[in-house]
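End of the sequence shown = 159 in the working numbering, gap-free, step of one.
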Amino acid sequence: TGGRTELLLFQAATPRALAELEVPGEVASLHFAPDEKRFLVVSRTVWGGTAHCTLFEGVTKLSSFDAHLVKSPYDFPDAASLVWSPDGNHLALLRADSSIEIATPSGERRASFAAPKTQGEVGLMFVTKDRLALIGQQELVVLDTRGEPVMRFEVEHA
Numbered sequence: 002t003g004g005r006t007e008l009l010l011f012q013a014a015t016p017r018a019l020a021e022l023e024v025p026g027e028v029a030s031l032h033f034a035p036d037e038k039r040f041l042v043v044s045r046t047v048w049g050g051t052a053h054c055t056l057f058e059g060v061t062k063l064s065s066f067d068a069h070l071v072k073s074p075y076d077f078p079d080a081a082s083l084v085w086s087p088d089g090n091h092l093a094l095l096r097a098d099s100s101i102e103i104a105t106p107s108g109e110r111r112a113s114f115a116a117p118k119t120q121g122e123v124g125l126m127f128v129t130k131d132r133l134a135l136i137g138q139q140e141l142v143v144l145d146t147r148g149e150p151v152m153r154f155e156v157e158h159a
């Protein structure tokens with residue numbers, strides 16, 4: 002790893018490249034905002050190290066920030082360690098220190114709280130603009146954006 006990666010941004014339904022976008026390291030994931038105009042590129046210069054999150058709107062780089070995120074869960078494709086709120090005004094980040102952070106798309110922290118204890122892989126998803134689901138292999142916990150549990154479901158395995 003290390004170095005930089007160039008991404009090509011294409012116009013829909015045409016083979017014409019609009020721009021080359023550059024991010025540090027290797028691309029780990031892309032996360033599109035609900036408005037479909039903004040997107041975050043998560044890249045890493047060292048696997049298992051700090052994630053570099055770069056926010057773009059089209060070809061324009063808006064901001065970037067670093068976060069030490071957990072690995073996104075393999076078993077839960079709709080959940081991730083970084084998710085957009087439905088209104089596109091916030092991000093939820095599942096950090097490697099077992100905390101959840103609510104931030105603006107540019108990475109400004111709005112709230113941070115300890116994630117409930119779970120076993121195995123975990124991931125986040127927004128349920129509504131002010132409710133998150135922490136999905137684990139044994140349970141699903143719905144939290145408000147201050148970290149207060151609202152509901153808890155146990156997962157039964159057959």
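By construction, the Cβ of each residue, glycine as well, lies at the ideal position given by its N, Cα and C atoms.
Judged by their CB atoms, aspartate 88 and lysine 130 are nearer to each other than the 7 Å cut-off. Looking at the DSSP output, threonine 61 sits in a beta bridge with Glu58. According to the DSSP secondary-structure assignment, proline 117 is paired through a beta bridge with no residue. By the 16-neighbour rule on beta-carbons within 10 angstroms, threonine 15 is exposed. Short of 6 Å from the beta carbon of glycine 148, and not among the five residues preceding or following it, lie these beta carbons of its own chain, in chain order: Phe114.
Rounded to the nearest whole angstrom, the CA to CA distance from leucine 144 to valine 156 is 17 Å.
Taking the Cα of leucine 92 as reference, the smallest distance to any Cα among Ala29, Trp48, Thr6 and Leu133 is reached at Leu133.
Around the C-beta of glycine 137, 16 or more other C-beta atoms lie within 10 Å, and the residue is accordingly described as buried. Annotation for arginine 39: Phe33, Leu56, Phe57, Glu58, Leu63, Gly89 and Pro106 place their beta carbon closer than 8 Å to its own, counting only its chain and skipping 5 residues before and after. The beta-bridge partner set that DSSP reports for glutamate 155 consists of Glu140. The residues Thr119, Arg153, Phe154, Glu155 and Val156, in chain order, have a CB closer than 7 Å to that of glutamate 140 in the same chain once the five nearest residues on each side in sequence are set aside. Inclusion of threonine 51 and aspartate 67 in the CB contact set at 7 Å is warranted, their separation being smaller than that value. Between histidine 53 and alanine 97, the CB-CB gap reaches or exceeds 7 Å.
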